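A.B. asks: Residue numbers (the numbering used here): 10 to 661. C-beta: ideal position from N, C-alpha, C; glycine also. Keep in mind that this is a model prediction, so the values were computed, not measured.
1) Expressed to the nearest angstrom, what Euclidean distance is found between the alpha-carbon atoms of residue 143 and residue 641?
2) Just tell me which of 160, 165, 159 and 200 has its CA closest to the CA of residue 177.
3) Taking DSSP as the reference, what is the three-state secondary structure of residue 664?
4) To the nearest angstrom, how far is it from the Cα of residue 246 to the Cα of residue 107?
5) Please name the residue, chosen from 585, 655 and 555, that lies closest to residue 521 on a Cα-to-Cα basis.
6) Do residue 308 and residue 332 have their C-beta atoms closer together than 8 Å?
7) Quick check on residue 85: buried or exposed, where buried means 16 or more other Cβ atoms within 10 Å of its Cβ?
8) Quick check on the burial criterion: 16 or more other C-beta atoms within 10 angstroms. Buried or exposed for residue 336?
9) Do residue 277 and residue 233 have their beta-carbon atoms positioned less than 8 Å apart in this structure?
10) Once you ignore the five residues that flank residue 403 on each side, which residues in its own chain have a CB closer than 6 Å to its CB?
11) Determine the closest residue to residue 317 out of 348, 257, 343 and 375, with distance taken between C-alpha atoms.
12) Assuming residue 251 contacts residue 314 (C-beta within less than 8 Å), just tell me the rounded distance between them.
13) With distances taken from CA atoms, which of 338, 222, 447 and 238 is nearest residue 570?
14) Near residue 274, what residues of its chain come up, given a Cβ to Cβ distance below 6 Å and the 5 sequence neighbours on each side ignored?
15) Can you grab the Cα-Cα spacing for the pair residue 576 / residue 582, in whole Å?
16) Measure from the alpha carbon of residue 626 to the alpha carbon of each residue in 243, 221, 112 and 385, then state which is nearest.
17) Is DSSP giving residue 126 helix, strand or coil here?
18) Go ahead and label residue 654 buried or exposed: buried means 16 or more other beta carbons lie within 10 angstroms of its beta carbon, across all protein chains shown.
19) Among 397, 379, 140 and 312, which residue has its Cα nearest to the Cα of residue 255?
20) With residue 265 as the anchor, note down where its alpha helix (DSSP H) starts and where it stops.
21) Between the stretch 172–186 and the stretch 205–218, are three or more C-beta pairs nearer than 8 Å?
22) Inspect the beta-carbon positions of residue 182 and residue 140 and report whether they are closer than 8 Å.
23) If we count the other Cβ atoms within 10 Å of its Cβ and call it buried at 16 or more, is residue 217 buried or exposed?
24) Using the Cβ count rule (16 or more neighbours within 10 Å means buried), how would you classify residue 239?
25) By Cβ distance, which residues of its chain are closer than 8 Å to residue 194, with the 5 residues on each side in sequence left out?
26) Please report the distance separating the alpha-carbon of residue 401 from that of residue 469.
27) Tell me which residue opens and which closes the alpha helix (DSSP H) that residue 285 is part of.
28) For the alpha helix (DSSP H) containing residue 179, name the first residue and the last one.
29) Please name the residue, chosen from 267, 220 and 215, that lies closest to residue 191 on a Cα-to-Cα basis.
30) Could you tell me whether the stretch 341–361 touches the stretch 287–300, using the rule of 3 or more Cβ pairs below 8 Å?
31) Excluding the 5 residues flanking residue 95 on each side, which residues of the same chain have their C-beta closer than 6 Å to its C-beta?
32) Using CA coordinates, which residue listed in 89, 589, 82 and 649 is at the minimum distance from residue 427?
33) How long is the line joining the alpha carbons of residue 220 and residue 324, rounded to whole angstroms?
34) Straight-line CA distance for residue 222 to residue 259?
35) Below 8 Å on the Cβ atoms is my guess for residue 130 versus residue 211; work out the distance and round it to an integer in Å.
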């Protein structure tokens with residue numbers, strides 16, 4: 010066990026303190042000299058108006074009373090016989106700590122109270138300083154704001170700031186979950202005022218592990234919420250009027266009490282008073298923080314009730330910290346007049362844990378509902394996009410159907426024209442047949458002379474027929490192109506069959522036409538031959554003239570017969586062409602009707618699919634409405650629960 014690092018009595022070493030009998034006189038003298046230098050360095054300055062600065066050792070030694078000498082002797086015995094005092098004289102030790110630990114004994118007593126005299130982590134300290142910490146920038150930034158008016162920490166790169174940085178950096182490496190928190194720097198700074206940095210590091214590690222400080226400084230600060238909850242209960246129970254006033258002014262407990270628990274009053278009260286509170290904290294834990302906080306509020310209740318929120322904030326900052334400068338014992342005495350029930354505090358801890366667990370479960374449920382709601386919204390957006398795409402496809406299908414209906418109408422109109430032409434051709438054929446019969450009955454020489462005119466007309470008709478034949482060939486080519494663009498293999502086969510039939514009819518027509526041309530040419534030649542011989546027939550005998558006349562009549566009849574056959578074949582050819590066109594247009598109309606039926610079926614399928622998607626969309630909207638309703642019910646239950654909790658607190 011080491012001796013106190015500041016074992017001086019206002020400048021004189023405490024020679025009555027025999028901490029370890031195994032030490033030699035040289036070792037003890039060295040320890041005392043080290044304690045003297047540490048005492049002069051750490052206690053040379055304190056907070057403004059704290060009244061804690063030390064006088065020189067030469068002037069203080071002359072004013073030392075016998076009572077102080079007895080106190081020093083007593084604490085020397087306590088330190089030497091520490092284990093026995095903790096076992097047999099614990100109550101007396103508790104009373105002595107409440108009255109205050111002498112300054113030069115604080116370092117060793119704090120180490121003994123925290124059981125930090127022999128910790129394995131002390132051997133790691135030098136190695137930790139060689140490592141780098143992710144919190145170094147934050148620590149450097151906050152060091153200048155830690156005890157800025159204390160001489161030990163004044164000035165950039167001062168010794169105090171350097172050792173404070175070392176301790177905070179080392180702890181951030183030991184406990185990476187906590188890392189660094191600004192409030193912890195004030196606790197480490199107080200330790201460094203009393204002891205070297207290695208001992209301060211060990212004591213701070215023990216404080217974090219055994220005194221609930223680690224839970225206070227975690228990123229979630231769950232322990233701070235528990236302390237505020239317990240403190241609010243004490244405030245409501247012991248100072249109900251002040252509690253009602255705080256609530257009416259929206260002056261929440263966390264606004265003034267958070268720093269009390271995080272810094273143990275080191276940033277709120279002057280350093281001598283805060284050090285006295287820290288003495289008791291090292292022995293009793295956070296209980297003294299609750300007691301001192303309630304005692305301060307009791308002492309200032311009358312003034313605080315008369316102030317508004319801003320006035321209370323000013324009162325906490327400027328008036329309360331200096332009320333007990335002249336007599337710290339007065340605050341300690343009042344603190345131990347406060348009613349504090351550890352069992353009730355344990356019960357409050359369980360209640361707070363239950364409430365927080367329930368809130369966490371509700372938060373998880375709310376998060377789950379929000380996630381489900383987000384997924385439902387995404388599903389609805391997807392369905393809306395699909396519905397829009399289907400609507401576009403439906404509109405395009407309707408446009409395509411309209412175009413096909415228009416094409417069908419044009420084809421039907423052309424078919425009607427073709428049928429009318431076929432009827433006209435049939436009527437013309439009947440008229441031609443009647444004309445043939447009339448010609449056969451009423452043949453005259455005048456009709457023979459008109460054959461030349463009709464021959465010329467037949468040649469003109471031949472030219473027109475060739476043009477019509479070419480037009481039909483063009484139409485056949487057009488039909489072949491259209492059939493090649495159609496995707497249906499059955500339609501293509503039908504068109505090919507129709508094309509073959511048309512070509513066969515075309516060949517038959519050409520053959521008949523050539524035969525007709527040959528017949529007409531032969532008759533024409535014979536007619537020319539007869540006409541060339543006709544001039545000399547009149548000079549021959551009457552018998553020859555009669556024979557020639559009969560031959561002429563026979564020739565004319567044959568010519569008329571050939572002409573009639575030519576006209577008949579021409580009419581048949583036209584009729585055949587019209588029949589071919591009629592069949593082509595009829596089959597084309599049938600194909601278009603089949604395509605229209607297929608499009609109608611596709612339209613019905615699209616409409617049914619759209620109805621299905623619309624039903625799914627309505628179902629998703631209904632589920633979203635149900636989830637929103639559940640969320641609203643959950644929020645209402647939360648509000649009712651908070652109201653019931655607040656009502657219960659007011660009733661208590």
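C.D. replies: Taking the coordinates as given:
1) For the purposes of this step, residue 143 is taken as residue 134 along the chain shown, with counting starting at 1. For the purposes of this step, residue 641 is taken as residue 632 along the chain shown, with counting starting at 1. Going by the C-alpha atoms only, they are around 43 Å apart.
2) Residue 177 sits at position 168 when you count from the first residue of the chain shown. The shortest C-alpha separation from residue 177 is found at 200.
3) Given a span of 10 to 661 for the chain in the structure shown, any question on residue 664 remains unanswerable.
4) As a position in the chain shown, residue 246 is number 237, starting the count at 1. As a position in the chain shown, residue 107 is number 98, starting the count at 1. Each residue's Cα considered, the two are about 25 Å apart.
5) Your numbering for residue 521 matches position 512 in the chain shown. Residue 521 has its Cα closest to that of 585, out of 585, 655 and 555.
6) Translated into the one-based positions of the chain shown, residue 308 becomes position 299. Translated into the one-based positions of the chain shown, residue 332 becomes position 323. Taking C-beta atoms as the reference points, residue 308 and residue 332 count as a pair closer than 8 Å.
7) Counting from 1 along the chain shown, the entry for residue 85 is found at position 76. A buried status is given to residue 85, since no fewer than 16 other beta-carbon atoms sit within 10 Å of its beta-carbon.
8) Your numbering for residue 336 matches position 327 in the chain shown. It is exposed - the Cβ of residue 336 has fewer than 16 other Cβ atoms within 10 Å.
9) For this step, residue 233 is matched to residue 224 along the chain shown. For this step, residue 277 is matched to residue 268 along the chain shown. With a cutoff of 8 Å on beta-carbon distance, residue 233 and residue 277 are scored as not near each other.
10) Working through the chain shown from its first residue, we reach residue 403 at position 394. Closer than 6 Å at Cβ, skipping near neighbours: 615.
11) Here residue 317 refers to the residue found at position 308 of the chain shown. It is 257 whose Cα lies nearest to the Cα of residue 317.
12) The residue you call residue 251 lines up with position 242 of the chain shown. The residue you call residue 314 lines up with position 305 of the chain shown. Correct: roughly 6 Å between the Cβ atoms.
13) Numbered from 1 along the chain shown, position 561 holds the residue referred to as residue 570. For residue 570, the nearest C-alpha among the options comes from 447.
14) Residue mapping note: residue 274 aligns to position 265 of the chain shown, counting from 1. Counting only residues of its own chain and dropping the five nearest sequence neighbours on each side, residue 274 has a CB closer than 6 Å to the CB of 283 and 286.
15) Counted from its first residue, the chain shown places residue 576 at position 567. Counted from its first residue, the chain shown places residue 582 at position 573. Going from the Cα of residue 576 to the Cα of residue 582 covers about 10 Å.
16) The residue given as residue 626 occupies position 617 in the chain shown. Closest by alpha carbon: 385.
17) By 1-based counting over the chain shown, the position of residue 126 is 117. In this structure, residue 126 counts as coil in the three-state DSSP scheme.
18) One-based indexing of the chain shown puts residue 654 at position 645. Counting the other Cβ atoms within 10 Å of the Cβ of residue 654 gives fewer than 16, which makes it exposed.
19) Start at 1 with the first residue of the chain shown, and residue 255 comes out as number 246. Among 397, 379, 140 and 312, the Cα nearest to that of residue 255 belongs to 312.
20) Looking up residue 265 in the chain shown gives position 256. For residue 265, the uninterrupted alpha helix (DSSP H) run begins and ends at 262–272, by DSSP.
21) Contact holds: three or more Cβ-Cβ distances are below 8 Å.
22) Numbered from 1 along the chain shown, position 173 holds the residue referred to as residue 182. Numbered from 1 along the chain shown, position 131 holds the residue referred to as residue 140. Contact: yes.
23) The sequence position of residue 217 within the chain shown is 208, counting from 1. Note on residue 217: 16 or more other CB atoms within 10 angstroms of its CB, so buried under the neighbour-count rule.
24) The count along the chain shown starts at 1 and reaches residue 239 at position 230. By the neighbour-count rule (16 or more Cβ atoms within 10 Å), residue 239 is buried.
25) Position 185 of the chain shown, counting from 1, holds the residue named residue 194. So the list reads 148, 151, 152, 155, 173 and 177, once near-sequence residues are dropped.
26) Counting from 1 along the chain shown, the entry for residue 401 is found at position 392. Counting from 1 along the chain shown, the entry for residue 469 is found at position 460. Rounded to the nearest angstrom, the two C-alpha atoms are 57 Å apart.
27) By one-based count along the chain shown, residue 285 stands at place 276. Where residue 285 is concerned, the enclosing alpha helix (DSSP H) stretches over 280–293.
28) Start at 1 with the first residue of the chain shown, and residue 179 comes out as number 170. Looking at the DSSP string, the run of the alpha helix (DSSP H) that includes residue 179 is 168–183.
29) The residue labelled residue 191 in the question sits at position 182 within the chain shown. Closest option to residue 191, Cα to Cα, is 267.
30) Yes, the stretch 341–361 touches the stretch 287–300.
31) Position 86 of the chain shown, counted from the first residue, corresponds to residue 95. Excluding residues up to 5 positions away in sequence, nothing lies with its Cβ nearer than 6 Å to the Cβ of residue 95 in the same chain.
32) Within the chain shown, numbered from 1, the residue matching residue 427 stands at position 418. With distances taken between CA atoms, residue 427 lies nearest to 589 out of 89, 589, 82 and 649.
33) Within the chain shown, the letter at position 211 stands for residue 220. Within the chain shown, the letter at position 315 stands for residue 324. CA-CA distance, residue 220 to residue 324, rounds to 30 Å.
34) Along the chain shown, read from residue 1 onward, the residue named residue 222 stands at position 213. Along the chain shown, read from residue 1 onward, the residue named residue 259 stands at position 250. The straight-line gap separating the alpha-carbon atoms of residue 222 and residue 259 is approximately 28 Å.
35) Walking along the chain shown from the start, residue 130 turns up at place 121. Walking along the chain shown from the start, residue 211 turns up at place 202. The pair is a contact, with the Cβ atoms about 6 Å apart (cut-off 8 Å).
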